[in-house]
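Everything on this sheet refers to the single structure shown next.
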Amino acid sequence: MRQHCGVSRHHCPLLLRALALSVSAMLGTVIAFILISGAEALMTGQGLGLFGAVWNPAAGKFGILPMIQATLLLAFSSLGLGWCLSLGCCCVLNGLAPRWAARWLRGLLTLMTAVPTVVYGFAAVFLLVPPIRDALGGTGFCWLTAGLLLALQGVPAMTFIMDGAVRSIAAESRLTATALGMTTAQHLSRVVLPLASRPLLSAAILGLGRAVGDALLPTMLAGNAIRFAHTPLDSMRTLTAHISLVLSSDIGGGEHLSLLLAGALLLTFCAVFSLLSRRMARRVRS
Amino acid sequence: MKFLKNSAWLLVFVLAASAAAAAPLDAFRDLEGTLDIAGGTAHIPVMTQAAQDIMTFNPKIRITVAGGGSGVGVKQVGEGLAGIGNTGRPLKPAEVEKFGLRTFPFAIDGVALAVHPANPVRNLTKDQVAAIYSGSVTDWKDLGGEPGAINVYGREDGSGTRETFTNKLLGKTELAPTVNVVSSNGAMKTAIAQDRRAIGYVGIGHLDSSIAGVSIDGHVPSQENAASGEYPVVRDLFMNTKGEPTGLTAAFIDYIYSEPGAKIIEKSGYIPIPRNSK
Chain E
1 MRQHCGVSRH HCPLLLRALA LSVSAMLGTV IAFILISGAE ALMTGQGLGL FGAVWNPAAG
61 KFGILPMIQA TLLLAFSSLG LGWCLSLGCC CVLNGLAPRW AARWLRGLLT LMTAVPTVVY
121 GFAAVFLLVP PIRDALGGTG FCWLTAGLLL ALQGVPAMTF IMDGAVRSIA AESRLTATAL
181 GMTTAQHLSR VVLPLASRPL LSAAILGLGR AVGDALLPTM LAGNAIRFAH TPLDSMRTLT
241 AHISLVLSSD IGGGEHLSLL LAGALLLTFC AVFSLLSRRM ARRVRS
Chain W
1001 MKFLKNSAWL LVFVLAASAA AAAPLDAFRD LEGTLDIAGG TAHIPVMTQA AQDIMTFNPK
1061 IRITVAGGGS GVGVKQVGEG LAGIGNTGRP LKPAEVEKFG LRTFPFAIDG VALAVHPANP
1121 VRNLTKDQVA AIYSGSVTDW KDLGGEPGAI NVYGREDGSG TRETFTNKLL GKTELAPTVN
1181 VVSSNGAMKT AIAQDRRAIG YVGIGHLDSS IAGVSIDGHV PSQENAASGE YPVVRDLFMN
1241 TKGEPTGLTA AFIDYIYSEP GAKIIEKSGY IPIPRNSK
């Protein structure tokens, strides 16, 4: 310890603690700033119907309810799909498929983590939007397109989290399971996955956070019309897409206030998800 | 003696002539430092070309050009983060008052309604456009096209292109909530070029063979018609500074208004506006 820090043993924890404190304080001020701006927007924006269903700047109505609905719909639908895909990938990596297939999949997933989101979005504009428009109708810029891409984009990170946990649990119990005459599939489904429920859950929470927070794919693919989406072919605008669209154009006024509120809401969503996941994880453990 | 005097005069003339020819860039000879430019995306081709010319002439000068949109232009120049903030719309009185901005209109850009090249509809009345964007006409067969739902595309709130389009064509018409929103001229072109049932709008400079311009009440969208006033959906492009510009910022604005500046503006697909003409 001494040679690493260059100061006495007593000072080291103090310095570390000071660093930790200052970083937490910085984060805390950012969070406080966002929440306070959101609250201020609500106060000054009374009469603008900020929590309403109507977005009509000409009439002075700046309701972001349709965007809240779009954010939650898109996040949960893409998470549902993406989580199932990730679970499948994780099982393939851990013995459910021949070794060469597992190696191939791992390479593909590693490659996918290196691809920037904008490339997914750009490719989808040319490769996914036209077939969806021609086959199913609508404009092709819709909930379905954005949801599919968002699910796909989240798969590598979720898979690797699951894989880390599943691999170590499987290694611990493999001998016993084999001695009991279990096949690999039985071992995975009856022993390993139930024991790995906590990491599986934390993978879902991570995926949910990313799905709620991603701005680029919804902006490029979801159509951005401000209305309640009823079918997967409807165009929708998420809170993140709203922020990225309006930020680039205007300051002051109802639009600006709606952004501040949208930011505070996004932060609140993520905080609630993470608190819920902790509580659930504790329950699972006990 | 007379010969000497004549030669001297000749020398003076030659020097004066060469100085005049090199004048626009000469202003940058003794300058150095950094100029940050931000704002309207329509301005970017003009700004980057001018910046390249200047930085090649005098490498001690660094000019950065960023986009972000008209609102970002106002905000950045107002808060002192950029030397020049570009807008594709006139400044609002509140913005001028809050930041003490000076504005310099330098080019005219038209906004053209556009459809897929395979779409037979090439002329619409102002009322028809308003009906499409308000959602009261939703099928191409009502406009003389092949039957099929109209996929309507627009730009984000506060986009200069959208503001020009709305002010000149829609007036107080309420936009349908089903209008899809894209965030740049490029994204609009991509959306229209791929979708046979699409309608949208772009800056006239962005019209090319991938999309087809639509005439408004018989007025064909083209740069020439925008300059002559024959085509009605036009806007001015502005540079804005906080207070009276000085030093590098002033020299840059002078360069945009100079002869080579006008050439750059034309090459970018816009029509130059002479200084103080408005």
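Sequence lines, in order, name chains E and W. Residue numbers for the first sequence follow our numbering, so the first one is 1 and each next one is one higher. Residue numbers for the second sequence follow our numbering, so the first one is 1001 and each next one is one higher. From the three backbone atoms N, C-alpha and C, an ideal C-beta is built for every residue, glycine too.
Just checking, does the stretch 169-176 of chain E make contact with the stretch 41-52 of chain E on the three C-beta pairs under 8 Å criterion?
no
Could you name the residues of chain W that S235/E contacts, counting a contact when the two beta carbons are closer than 9 Å?
What you label residue 235/E is simply residue 235 of the first sequence in a count that begins at 1. By Cβ distance, chain W contributes T1178, V1179, N1180, V1181.
Does the beta-carbon of M26/E have 16 or more other beta-carbons within 10 angstroms, so that it is buried, or is it exposed?
Taking the first residue of the first sequence as position 1, residue 26/E is located at position 26. Exposed, by the Cβ-count rule.
What separation, rounded to the nearest whole angstrom, lies between the Cα atoms of T1125/W and T159/E?
Against the second sequence, residue 1125/W aligns to sequence position 125. Against the first sequence, residue 159/E aligns to sequence position 159. About 55 Å.
Is the CB-CB distance between L35/E and A264/E below 8 Å?
In the first sequence, counting from the first residue as 1, residue 35/E sits at position 35. In the first sequence, counting from the first residue as 1, residue 264/E sits at position 264. Yes, these two residues count as a Cβ contact at 8 Å.
Please identify, using Cβ separations under 7 Å, the residues of the stretch 1146-1167 of chain W that lie next to chain E, in order along the chain.
N1151, E1156, D1157, G1158, S1159
Looking at chain E, is there any beta carbon in it that lies within less than 8 Å of the beta carbon of Q1194/W?
Here residue 1194/W corresponds to residue number 194 of the second sequence, with the count starting at 1. Cβ-Cβ to chain E under 8 Å: yes for Q1194/W.
Per-residue DSSP class, three states only, for K1242/W
Locating residue 1242/W in the second sequence gives position 242, where the first residue counts as 1. Note: K1242/W maps to strand in three-state DSSP.
Beta-carbon separation (whole angstroms), V191/E vs A177/E, contact threshold 8 Å:
As a working note, residue 191/E is residue 191 in the first sequence. As a working note, residue 177/E is residue 177 in the first sequence. Contact holds; Cβ gap of about 6 Å.
Could you say if the stretch 121-130 of chain E and the stretch 88-97 of chain E meet the contact criterion of at least three C-beta pairs nearer than 8 Å?
no
Work out the CA separation of G137/E and G213/E for me, nearest whole Å.
To locate residue 213/E, count along the first sequence from 1; it is residue 213. To locate residue 137/E, count along the first sequence from 1; it is residue 137. If I take the Cα positions, the gap works out to 28 Å.
Residues sharing a beta bridge with I1063/W, DSSP
Locating residue 1063/W in the second sequence gives position 63, where the first residue counts as 1. Looking at the DSSP assignment, I1063/W forms a beta bridge with L1035/W.
Could you compute how far the alpha carbon of G1071/W sits from the alpha carbon of T1241/W?
Taking the second sequence and counting its residues from 1, the one referred to as residue 1071/W is at position 71. Taking the second sequence and counting its residues from 1, the one referred to as residue 1241/W is at position 241. Whole-angstrom Cα-Cα distance: 14 Å.
Going by beta-carbon coordinates alone, are F1238/W and P1105/W separated by less than 8 Å?
The residue you call residue 1238/W lines up with position 238 of the second sequence. The residue you call residue 1105/W lines up with position 105 of the second sequence. Contact flag set, yes.
Between the stretch 1034-1042 of chain W and the stretch 1054-1072 of chain W, do at least 3 Cβ pairs fall closer than 8 Å?
yes
Which residues bound the beta strand (DSSP E) around F1106/W?
Position 106 of the second sequence, counted from the start, is the residue given in the question as residue 1106/W. Where F1106/W is concerned, the enclosing beta strand (DSSP E) stretches over 1101-1115.
What three-state label does DSSP hand V1121/W in the structure shown?
Numbered from its first residue, the second sequence carries residue 1121/W at position 121. Coil at V1121/W, not helix or strand.
Is V1115/W buried or exposed, if buried means 16 or more other CB atoms sit within 10 Å of its CB?
One-based indexing of the second sequence puts residue 1115/W at position 115. Per the 10 Å Cβ criterion, buried.
Output the residue ranges of the alpha helix (DSSP H) runs that lie fully inside the stretch 87-153 of chain E and measure 4 residues or longer, sorted by chain position.
99-114, 117-127, 129-136
Ends of the alpha helix (DSSP H) at A1227/W?
Position 227 of the second sequence holds residue 1227/W. Its alpha helix (DSSP H) spans residues 1223-1228.
For a contact defined as C-beta to C-beta under 7 Å, what are the partners of A147/E on chain W?
Within the first sequence, numbered from 1, the residue matching residue 147/E stands at position 147. First, the amino acid is wrong: residue 147/E is Gly here, not Ala. Within 7 Å Cβ-Cβ: nothing; G147/E doesn't reach chain W, min ~17 Å.
Using three-state DSSP, classify K1267/W as helix, strand or coil.
Translated into positions along the second sequence, residue 1267/W becomes position 267. Helix at K1267/W.
Local conformation of H1219/W per DSSP, three classes
Position 219 of the second sequence holds residue 1219/W. If DSSP states are grouped into helix, strand and coil, H1219/W belongs with the strands.
Bounding residues of the alpha helix (DSSP H) (the contiguous stretch that carries N1185/W):
Here residue 1185/W is taken as the residue at index 185 of the second sequence, counted from 1. Taken as a continuous stretch (DSSP letters only), the alpha helix (DSSP H) holding N1185/W covers 1185-1194.
Between which two residues does the alpha helix (DSSP H) harbouring Y1072/W extend?
Residue 1072/W sits at position 72 when you count from the first residue of the second sequence. It is worth fixing the name first, because residue 1072/W is Val in this sequence and not Tyr. That run of the alpha helix (DSSP H) goes 1070-1078.
Give a yes or no on whether the minimum CB-CB distance between I204/E and chain W is below 8 Å.
Here the question's residue 204/E lines up with position 204 in the first sequence. Strictly speaking, residue 204/E in this sequence is Ala, with Ile absent from that position. It does not; no Cβ of chain W falls within 8 Å.
Hey, how far is the Cα of P1221/W from the Cα of V1202/W?
Taking the first residue of the second sequence as position 1, residue 1221/W is located at position 221. Taking the first residue of the second sequence as position 1, residue 1202/W is located at position 202. The alpha-carbon atoms of P1221/W and V1202/W are separated by roughly 11 Å.
Taking DSSP as the reference, what is the three-state secondary structure of F51/E?
For this step, residue 51/E is matched to residue 51 along the first sequence. Coil at F51/E, not helix or strand.
Of the residues G140/E, A222/E, I205/E, the one placed nearest S274/E, counting alpha carbons only
On the first sequence, position 274 is the one that residue 274/E refers to. Per the Cα distances, I205/E.
Along chain W, which residues have their Cβ under 7 Å away from the Cβ of I243/E?
In the first sequence, counting from the first residue as 1, residue 243/E sits at position 243. Near I243/E there are no residues of chain W at all, since even the closest Cβ is about 11 Å away, more than 7 Å.
Cβ of T1190/W less than 8 Å from any chain E Cβ?
Translated into the one-based positions of the second sequence, residue 1190/W becomes position 190. It does; some Cβ of chain E falls within 8 Å.
From which residue to which residue does the alpha helix (DSSP H) around A211/E run?
Along the first sequence, read from residue 1 onward, the residue named residue 211/E stands at position 211. Looking at the DSSP string, the run of the alpha helix (DSSP H) that includes A211/E is 197-213.
Looking only at C-alpha atoms, which of N1086/W, N1180/W, D1208/W sits nearest to I1044/W?
To locate residue 1044/W, count along the second sequence from 1; it is residue 44. Cα-wise, what sits closest to I1044/W is N1086/W.
Over what stretch of residues does the beta strand (DSSP E) that includes I1199/W continue unbroken?
Here residue 1199/W refers to the residue found at position 199 of the second sequence. Residues 1198-1203.
Any Cβ of chain W within less than 8 Å of the Cβ of A135/E?
Here residue 135/E is taken as the residue at index 135 of the first sequence, counted from 1. A135/E does not count as touching chain W.
Selection from Q1052/W, K1189/W, K1075/W that minimises the alpha carbon distance to F1279/W
Summary: the structure shown does not reach residue 1279/W, with chain W confined to residues 1001 through 1278, and so no result is reported for it.
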